[in-house]
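Residue numbers (our numbering), protein chains in the order written: chain V, 55 to 366; chain B, 9 to 443. Yeah, the Cβ is synthetic: ideal placement off N, Cα and C, and Gly gets one too. These numbers come from a predicted model, not from an experiment. Notes follow the structure.
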């Protein structure tokens, strides 16, 4: 240790005190590690080691039931020329574009509405949040029934209104919009809760001062609410994009990636490669590409969190 | 057969397949290994299936456990075949696969070629092969060894709504040689739709990526997917393109619900039961569902439509032992027990399947439900082309099926030109066969 005096010898009582202090210090130093040990163990076992193994497998040809064969970077070269991979990436981006701004905007509108004194406000807040706490498979199954071409409630309503039926999930043009609508149903509640918390943290005195100065409701929203919701908006933006890149269960249940490839997202494609065509090595390579994309957005999320902390 | 050319069917394969297998065993001079089960043994049996199948499995397990009190068999039931394969594949990778699992004939080659299954040949007596229909024995044979035992089969025929057809004044064929021709079948579907009893004429049960069920139509039209040696694809041919165009026309013309393409998860039996479709190209295992749920209408069964030939689908399952089984001898003994004549009879009659033992194939079985409808399926099973059996039991067929599902779905839902589909499929199949 630079600058520290070197102690060559100590009296016995002093040595005992130092040892006791060192032990206490070491115990104090160990305590935080003991607290995080379960988390670190689980993370290592179920996230970090599988990730390392996926990197290893991505350089192999592996059917899952046979032995892996090393093939170098061939899986990554295939990725570059794989039209289906690019189609899945485009679909994922399109899905993100369809779900992220709409869920955030609707969530904000709901939060603004439920931030006022309304009858049954707590009930309404719970109602909008409910789809988020229900399993995505259950939500997808319910949605698939609602959108069913032949006996779904939406087509029944359309027929009642004198309109013709829509092939919600079996037309390549309507399948993605149907998924976007279902995702909104699920995700709006989360956006609403985050916005609601952010709205309630805005001091009322800003609004009172603005009203004294004669600012209209729209002006108050534009010059007070929106700027102060910026950290929450940025956080939601990044989280929603990551969620959209991860989407699997809802689509697996509702369309299976079809019709054609119209709703095949990156995770669907990985699943199909791994468990339908038994190409686990190539599936891992596509997984790595998705990992790189999500990592990029995670860095953004980290920065967003820091920005939010600084503002608060 | 009026105007129909019969394809090479199961009947012609009898002597060849059974004879070869018996000769192989005799030539090798093998004595079968006998199972020993003296100490406590626990086996897992992983299956999928409807309630009737689950009950039938439980019944045969109870019988085996009563005869072997030291053996406990745990039954694991999964939602469908795809889910079971995902589970088995993952557990094989973790060296924890179930001892015994149910497997479609189309998947035996994939597992056997990856050394995931136990070679059953040492457990089988000479002449054991002769007890099974040769097509089914061939389907469980990989490189002259047996990797599974045939359990049952099923095939496709045509369900129809008796009330709707009566309203049209149409009488459905009651014998195989009078089965509907393609144009007659389509005419009835158009009439059903025009009359308005059902919004759609019919549907085909090939959902959840069971795209291989398209193949019987190709054989009916005189084509085949691969050449005789199974080395070259043949879809980019007039018969291939015409069959694609014919099946695409069902969707274009609105004769089938748009939601019934190959990659959808639509339950066609629901559509038939609730009168959304007037006819259903479906399998015999759907009889229990229809018997229980189709209460508003009467239903019956006739034969698959035909063109220049008759053909239907090779369905059904066998049972295999995984390489991870710690009790392979006992598992082999259980396998032979479950496919014995008595237990096969009990299983197929309870769960509405067709037997694969020669001793049962020509018998009139006492089916629990609609025995007269099952007779149609028994007859229809004789039209499964030999070449189709060899094609769908190739080790790489699961990859070909995935390619078929993609391309057929694009053809049916996105209007992809049949010639393009045929060309794309040939290219993909060539890549699979070359790999």
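| query | result |
| --- | --- |
| Just to confirm before moving on: does the CB-CB distance between residue 162 of chain V and residue 332 of chain V stay below 7 angstroms? | no |
| Any Cβ of chain V within less than 7 angstroms of the Cβ of residue 266 of chain B? | yes |
| Quick one: using the 10 Å Cβ neighbour count with 16 as the cut-off for buried, is residue 397 of chain B buried or exposed? | buried |
| Is it the case that the Cβ atoms of residue 217 of chain B and residue 153 of chain B are separated by a distance below 7 angstroms? | no |
| Counting only Cβ pairs nearer than 8 angstroms, list the residues of chain V close to residue 348 of chain B. | Those do not exist, as residue 348 of chain B stays about 29 angstroms from chain V at its closest Cβ, beyond 8 angstroms. |
| Please decide whether residue 104 of chain V counts as near chain B, where near means a Cβ-Cβ distance under 7 angstroms. | no |
| By the 7 angstroms beta-carbon criterion, what residues does the stretch 104 to 119 of chain V contribute toward chain B? | 117, 118, 119 |
| Does the structure place the stretch 163 to 177 of chain V close enough to the stretch 335 to 350 of chain V that three or more beta carbon pairs sit under 8 angstroms? | no |
| Give me the Cα-Cα distance between residue 448 of chain B and residue 67 of chain B, rounded to the nearest whole angstrom. | Lying before the first or after the last residue shown, residue 448 of chain B is absent from chain B, which here runs from 9 to 443. |
| Taking its Cβ as the centre, do 16 or more other Cβ atoms sit within 10 Å of residue 31 of chain B, making it buried, or is it exposed? | With a pLDDT of only 39 at residue 31 of chain B, under the threshold of 50, the placement of this residue in the model should not be trusted; the figure read from the coordinates follows. Burial call: exposed. |
| For residue 319 of chain V versus residue 198 of chain V, is the C-beta distance shorter than 7 angstroms? | no |
| Along chain V, in chain order, which residues have C-beta atoms closer than 7 angstroms to that of residue 399 of chain B? | What residue 399 of chain B touches in chain V: nothing, since even the nearest Cβ is about 18 angstroms away. |
| Is residue 221 of chain V close to chain B? Criterion is C-beta to C-beta, closer than 7 angstroms. | yes |
| Would a C-beta distance cut-off of 7 angstroms place residue 55 of chain B and residue 110 of chain B closer than the cut-off? | yes |
| Taking all protein chains shown into account, decide if residue 311 of chain B is buried (16 or more other Cβ within 10 angstroms of its Cβ) or exposed. | buried |
| What residues from chain B crowd round residue 205 of chain V, counting only those whose CB sits closer than 9 angstroms? | 278, 279, 282, 284 |
| Suppose you measure from the CA of residue 276 of chain V to the CA of residue 95 of chain B; what does that come to, to the nearest Å? | 54 angstroms |
| From residue 285 of chain B to residue 222 of chain B, what does the alpha carbon distance come to, in whole angstroms? | 19 angstroms |
| Give a yes or no on whether the minimum CB-CB distance between residue 89 of chain B and chain V is below 7 angstroms. | no |
| Please state whether DSSP places residue 32 of chain B in a helix, a strand or coil. | Because residue 32 of chain B sits at a pLDDT of 41, beneath the cut-off of 50, its placement in the model cannot be relied upon, and the point is left open. |
| How big is the Cα-Cα spacing for residue 419 of chain B and residue 139 of chain B? | 42 angstroms |
| Since residue 407 of chain B meets chain V, which of its residues come closer than 7 angstroms, beta carbon to beta carbon? | 331 |
| Do you know offhand how far residue 292 of chain B's Cα is from residue 381 of chain B's? | 8 angstroms |
| To which residues does DSSP link residue 330 of chain B through a beta bridge? | B:125 |
| Taking contact to mean 3 or more Cβ pairs, one atom from each stretch, closer than 8 angstroms, check whether the stretch 220 to 237 of chain V and the stretch 150 to 166 of chain V are in contact. | yes |
| Listing by chain order, which chain B residues have their CB less than 8 angstroms from the CB of residue 281 of chain V? | Result: empty, since nearest Cβ-Cβ is about 46 angstroms, beyond 8 angstroms. |
| Kindly say whether residue 271 of chain B, judged by its beta-carbon, lies nearer than 7 angstroms to any beta-carbon of chain V. | yes |
| For the alpha helix (DSSP H) that contains residue 300 of chain V, what are its first and last residues? | 284 to 300 |
| To the nearest angstrom, how far is the alpha carbon of residue 127 of chain V from that of residue 100 of chain V? | 25 angstroms |
| Does the CB of residue 21 of chain B have a neighbour CB from chain V at under 7 angstroms? | Its pLDDT being 40, under 50, residue 21 of chain B is placed unreliably by the model, and the measurement read from it follows with that caveat. Judged by the 7 angstroms Cβ criterion, residue 21 of chain B is not in contact with chain V. |
| To the nearest angstrom, how far is the alpha carbon of residue 89 of chain V from that of residue 96 of chain V? | 13 angstroms |
| Measuring only between beta-carbons, confirm whether residue 312 of chain V sits less than 7 angstroms from chain B. | yes |
| Strictly under 7 angstroms for the Cβ-Cβ distance: is residue 224 of chain V near chain B by that measure? | yes |
| Please go through the stretch 143 to 218 of chain V and give each complete alpha helix (DSSP H) segment of 4 or more residues, from N-terminal end onward. | 175 to 187, 190 to 201, 207 to 214 |
| Taking 7 angstroms as the threshold (beta carbon to beta carbon), is residue 122 of chain B in contact with chain V? | yes |
| Compare the C-beta of residue 100 of chain B against all C-beta atoms of chain V and say whether one is closer than 7 angstroms. | yes |
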